[in-house]
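Residue numbers (my numbering): 1141 to 1298.
Glycine is no exception: its CB is placed at the ideal position from the N, C-alpha and C atoms.
Have a look at the structure below before the remarks.
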Amino acid sequence: MRVLQQICMCRHEYDSKRDLLRLLDVHNETTKCIREKKQCNLGFIEIRVVRRFLSSQVIIILDGKEVSAEEFNRLLSTARFFREWYESDCSVDAYMQPMIGVDHYDAIKEFLVRNLNELQSICFSSKPILNFENLPTYVVDGINRAVSDFTNGTVRKI
């Protein structure tokens, strides 16, 4: 049950931070444009340069809204921190942490790897179609019971 709750918590966090993570995809290009004081349009982020008599001013437009360099750097730091957290706490190994020492650990881990996308559908109260290959019946029954409790709302979702 804890594994399902953790999967859903990670899924919801990822969905809520998806826009922020886009910054990491264009960070290098953005930094280059700012450093070179070159106009760039990278879709959701635009770098404008206003030339003045003796200097130039760089303006950062993020999703149509002007942001300061400090705010932009803060958003980048937040995105990096989130990605680091997500990659460590939302990996299959992290999901398996509470199960260290249980019978059939390796088979359960393989099951989780094979079915992670399907298991994420539980977060939206949808019943997944799971591939239980190589799992003993009592483990399959436990997983089915947890999935059922989770999708029926008998267990609190994080």
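Host beta strand (DSSP E) of residue i (start-end)
i, result
"I1269", "Per DSSP, I1269 belongs to no beta strand (DSSP E) and is neither H nor E."
"V1198", "S1196 to L1202"
"I1283", "Premise fails: I1283 lies in the alpha helix (DSSP H), T1277 to T1291, not in any beta strand (DSSP E)."
Within 8 Å, strictly: CB atoms of residue i and residue j
i, j, result
"C1230", "C1148", "no"
"Y1226", "Y1154", "yes"
"V1143", "P1238", "yes"
"I1174", "I1185", "no"
"L1182", "T1170", "yes"
"C1263", "H1167", "no"
Start-to-end residues for the alpha helix (DSSP H) that takes in residue i
i, result
"K1249", "Y1245 to Q1260"
"I1147", "R1142 to E1176"
Residues near residue i by beta carbon distance below 8 Å, same chain, minus five either side
i, result
"E1206", "I1199 and I1200"
"L1215", "L1160, L1163, L1202 and V1207"
"M1141", "A1286, D1289, F1290 and V1295"
"H1244", "L1275, P1276 and V1279"
Whole-number beta carbon distance between residue j and residue i, since they are thought to touch under 8 Å
i, j, result
"K1178", "V1190", "Their Cβ separation, rounded to whole angstroms, is 13 Å, which puts K1178 and V1190 out of contact at 8 Å."
"L1256", "V1280", "Rounded, the Cβ-Cβ distance is 17 Å, inconsistent with contact."
Nonlocal neighbours in the same chain, by C-beta distance under 7 Å from residue i, ignoring five residues either side
i, result
"S1228", "A1234"
"N1271", "R1254 and N1255"
| message | Does the contact criterion of 3 or more C-beta pairs under 8 Å hold for the region 1216–1236 versus the region 1150–1163? | response | yes
| Quick one: any contact between the region 1235–1252 and the region 1262–1275, if contact means 3 or more CB pairs under 8 Å? | yes
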